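Q:
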Amino acid sequence: RIMSHKKAVLVNNMSDDSESSGTGSDQEVYNGNEEIQVDFEGRNPTDSDFHGIKQLLNQLFLKAHIDLSQLSELIIGQNYVGSVVKQSDIDPDEDEDDEMTDVNDVFGITSVVNITQKKNFECVHQLRKLLLELAEKNATDTTIQLIRDILNDEENSTGLLINERFINIPPQISVPLLENLQSEINKAVAKKMPYKFGHYILICKLYKNEQTKKKKSKKDYPDVIWSNPEEEFILPEAIASFEFSVKTEADSGLGGDWQEGDNAMTPYRKILILQADSLPRIIETIKGQMCETA
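The UniProt record's numbering puts the sequence shown at residues 1 to 294.
(1) Quick check: what's the CA-CA separation for G77 versus Q211?
(2) Between which residues of its own chain and A188 is the CB-CB distance below 7 Å, once the five residues before and five after are set aside?
(3) Rank F242, L274, E164 by C-alpha distance to the C-alpha of G108 and give the top, closest one.
(4) Kindly indicate the opening and closing residues of the alpha helix (DSSP H) around P280.
(5) Out of E231, I167, E122, S111, which has the shortest C-alpha to C-alpha gap to S183?
(6) Thinking L202 and I234 are a contact (beta carbons under 8 Å), I'd like their distance in whole angstroms, please.
(7) Cα separation between E41 and V85?
(8) Determine whether the beta carbon atoms of K208 and D223 lie at a separation below 8 Å.
(9) So, helix, strand or coil for V81, using DSSP?
(10) For the beta strand (DSSP E) holding N275, just list the boundary residues, first then last.
(11) Closer than 8 Å by C-beta to T158: which residues in its own chain qualify, once you throw out the five before and the five after it? Chain order, please.
(12) Taking a contact to mean a Cβ-Cβ separation below 8 Å, would you say D67 touches E122 in this structure?
(13) Cα-Cα, which of E154, F166, D39 is closest to residue 330?
(14) So, under 8 Å CB-CB, Y268 and F242 are touching, yes? Tell me the CB distance rounded to an integer number of Å.
(15) Taking only the alpha-carbon atoms, compute the straight-line gap between L178 and I144 and give it to the nearest angstrom.
(16) Tell me which residue opens and which closes the alpha helix (DSSP H) that H199 is part of.
(17) Could you tell me the alpha carbon to alpha carbon distance between T142 and D39, rounded to whole angstroms?
(18) Should A238 go down as buried or exposed, given a rule of 16 or more other Cβ atoms within 10 Å for buried?
(19) Quick one: what's got a C-beta closer than 7 Å to P280's C-beta in the same chain, skipping five residues either side?
(20) Just how far apart, CA to CA, sit L71 and M290?
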């Protein structure tokens with residue numbers, strides 16, 4: 001299945017109005033302000049995507065004690081739900097030495113894992129434990145109790161919503177990916193498969209400018225950057241949320257080193273708790289916002 005064919009432009013700083021018409025060879029040197037035209041498509045995860053999926057999960061979970069190999073295998077094993085993002089115009093017979101156009105490159109993963117029904121998997125057990133520990137350290141008493149309740153609810157499953165991709169891939173691609181995920185969830189539920197959820201948990205990557213006003217550079221930087229911009233529009237639908245700094249953990253998720261003159265920003269994670277029936281509405285909201293910014 002090819003889920004969607006989405007034209008996208010990779011950009012780092014969206015200050016360059018010109019478009020590059022270059023090919024794969026142009027991608028070898030990237031100076032931060034170049035634009036590279038690339039076609040992406042969503043595909044079913046396969047065994048060859050293992051390392052790419054694991055790399056994406058690693059940029060989300062960083063040093064958290066979770067068996068990401070098993071979680072990657074779990075995602076691949078349920079490949080009737082979810083998609084990996086791949087470059088669509090790669091010829092497998094082209095020069096295999098071109099690392100920038102590896103046919104096995106995975107640029108994103110959108111999926112959902114039932115962390116109620118699959119709690120006997122070690123990686124899911126670790127994830128559930130981590131969520132509760134993080135909540136106890138960073139959330140309000142009400143949110144802590146909510147997380148305990150939904151994790152202990154055997155009748156209404158909770159899904160870990162995974163919406164992860166490399167930073168420079170534009171947020172517009174999230175629309176077909178999430179629409180496809182919702183469609184696949186509906187089909188799975190119709191077949192009596194364990195994808196009927198009461199709640200979703202989404203872990204978002206944020207970056208905050210925590211320097212004092214006196215120390216801020218002359219450039220006008222936002223106080224908060226969402227790694228996946230569409231997730232900012234999901235936040236109002238959350239019935240609860242909490243956040244925490246991951247400053248002490250290595251994090252290259254925002255595209256590597258900061259350019260000269262940039263303010264280094266502090267990486268955070270924000271955990272959103274969502275009612276499962278709000279997902280279609282969330283997708284429509286994101287679609288509307290992406291149309292406005294296109």
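The beta carbon of each residue, even a glycine, is placed where N, CA and C say it ideally should be.
None of these values were measured; they are calculated from a predicted model.
A: This is what the structure holds:
(1) 44 Å
(2) Y80, V81, Y195
(3) E164
(4) 279 to 293
(5) S111
(6) 7 Å
(7) 6 Å
(8) yes
(9) coil
(10) Checking the sequence, you will find Gln at residue 275 rather than Asn. First-last of the beta strand (DSSP E) with Q275: 266 to 275.
(11) N114, I115, T116, I150, L151, F197, G198, H199, Y200, I201
(12) yes
(13) No information on residue 330 is available, as it lies outside the stretch 1 to 294 that the chain covers here.
(14) Rounded, the Cβ-Cβ distance is 11 Å, inconsistent with contact.
(15) 28 Å
(16) Run containing H199: none in the alpha helix (DSSP H); it sits in the beta strand (DSSP E), 197 to 208.
(17) 44 Å
(18) buried
(19) Q182
(20) 30 Å
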